[in-house]
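In my numbering, the protein residues as written are 129 to 475.
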């Protein structure tokens, strides 16, 4: 794995140049990490990432000096851009030379054996870190290896997780689509190697350089059953729609949606939810194969789009809502209503 050039991210210097002097609304042409999240770059903005206040806020929290480990669960509904936040954090950490384990889709860990899961962890870690691993750290992750054993990958993967926890420099573990591991029988109960992805106490408070970010839409079961004793209150960050000023910049990237009157209507119907705009609305417009020439024409398109969108999203939102813990239902109901059905009253 160390000698393989099959999976090669762009240079650290490329990331440093792209992620320096960050400010809200900054547009970054994203360099390539080894992996990319689900639905990444599918919208009309391609590989452009717009920096948000929430991205900078989370990064500042992770990067500051701390006396304890930092664990955060990025929670929220579909389409709000959680994957862009996690990709931003992974990219910024890579630019800063942190030790990183970035898993863009947790389904890669939903495999038949611990050995396969170990292979995934080893590959993803070594791809991003092999050029910055010191001799000391490298010895640490291979110290217990018996090369005649069939469990080499498992042993190294366990030591990689320990290294992320125990290293004396900043480290970052990010697992996107984390909720997939808990949709049915929890994968970490079947594959003990993955138990640190279920039990956040593994990343105890004393490990002051360790940062852990878990994200997922289908996260309700994990949040309800495995986050105990106030963990939810302190560790969950709710990801909402883009702030208005950043959404305006996203609209400016589209030849039609940037037109002043049309921009206002697009903003109203999407309520600043990025994927609802950049994928669903734009796809709908393209599918109609019409030329939008004025606001009246666009408003007619929007009316049809909103009817179809409401039918589609209500099914998803209802399933999401029904799985919530009772004490969270009111908050999520209001959030979902304002996000996806802005014309409907909040009760």
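All C-beta atoms, glycine included, are put in the ideal place defined by N, C-alpha and C.
As the structure is a computational prediction, the values presented were derived from the model and not from experiment.
In the DSSP secondary-structure assignment, residue 338 is bridged to 299.
Each of 162, 339 and 372 was checked against the Cα of residue 253, and the nearest Cα belongs to 162. A residue is called buried when at least 16 other Cβ atoms come within 10 angstroms of its Cβ; residue 264 does not meet this threshold and is exposed.
In the same chain as residue 430, and ignoring 5 residues on each side of it, the C-beta atoms closer than 7 Å to its own belong to 393 and 397, in chain order.
Judged by their CB atoms, residue 212 and residue 143 are not nearer to each other than the 9 Å cut-off. Residue 201 carries a strand assignment under DSSP once its states are collapsed to helix, strand and coil.
Comparing alpha carbon positions, the residue from 384, 220, 157 and 246 closest to residue 280 is 246. Closest in alpha carbon position to residue 337, among 191, 289 and 165, is 191. Look at residue 238 here: in three-state DSSP terms it is coil, with no helix or strand label. For residue 417, there is no enclosing alpha helix (DSSP H), since its DSSP letter is neither H nor E. Under the 10 Å beta carbon count, residue 287 is surrounded by 16 or more other beta carbons and is classified as buried. Contact between residue 138 and residue 231 does not hold, since the beta-carbon distance rounds to 19 Å and is not under 8 Å. Of the candidates 378, 153 and 221, the residue whose Cα lies closest to the Cα of residue 173 is 378.
Secondary structure of residue 327 (DSSP, three-state): coil. Apart from the 5 residues on each side of it in sequence, residue 207 sits with its Cβ closer than 6 Å to the Cβ of 401, 403 and 404 in its chain, given in chain order. Using a Cβ distance threshold of 9 Å, residue 308 and residue 301 do not count as a contacting pair. Counting C-beta pairs closer than 8 Å gives fewer than three between the region 359-367 and the region 222-237, which falls short of the contact rule. As the crow flies, the alpha-carbon of residue 341 is around 18 Å from that of residue 315. Nearest to residue 370 by C-alpha distance, out of 209, 200 and 344, is 209.
Taking residue 323 as the centre and dropping the five residues before and after it, the same chain places the C-beta of 316 closer than 6 Å to its C-beta, in chain order. Per DSSP, reduced to three states, the secondary structure at residue 262 is coil, with no helix or strand assignment. Of the residues assessed, residue 443 falls on the exposed side of the cut-off, its CB having fewer than 16 other CB atoms within 10 angstroms. One alpha carbon belongs to residue 427, the other to residue 355, and they sit about 45 Å apart.
Apart from sequence neighbours up to five positions away, the residues of its chain that approach residue 201 with a beta-carbon distance below 6 Å are 342, 363 and 364, ordered along the chain. If you draw a 10 Å sphere on the C-beta of residue 320, you find fewer than 16 other C-beta atoms in it, and that means exposed.
In the structure shown, residue 156 falls within a strand segment according to DSSP collapsed to helix, strand and coil. Bounds of the beta strand (DSSP E) holding residue 176 are 176-178. Residue environment: residue 339 is assigned as buried (16 or more neighbouring CB atoms within 10 Å of its CB, all protein chains considered). Taking C-beta atoms as the reference points, residue 334 and residue 170 fail to come closer than 9 Å.
Residue burial annotation: residue 148 is exposed, with fewer than 16 other C-beta atoms found within 10 angstroms of its C-beta.
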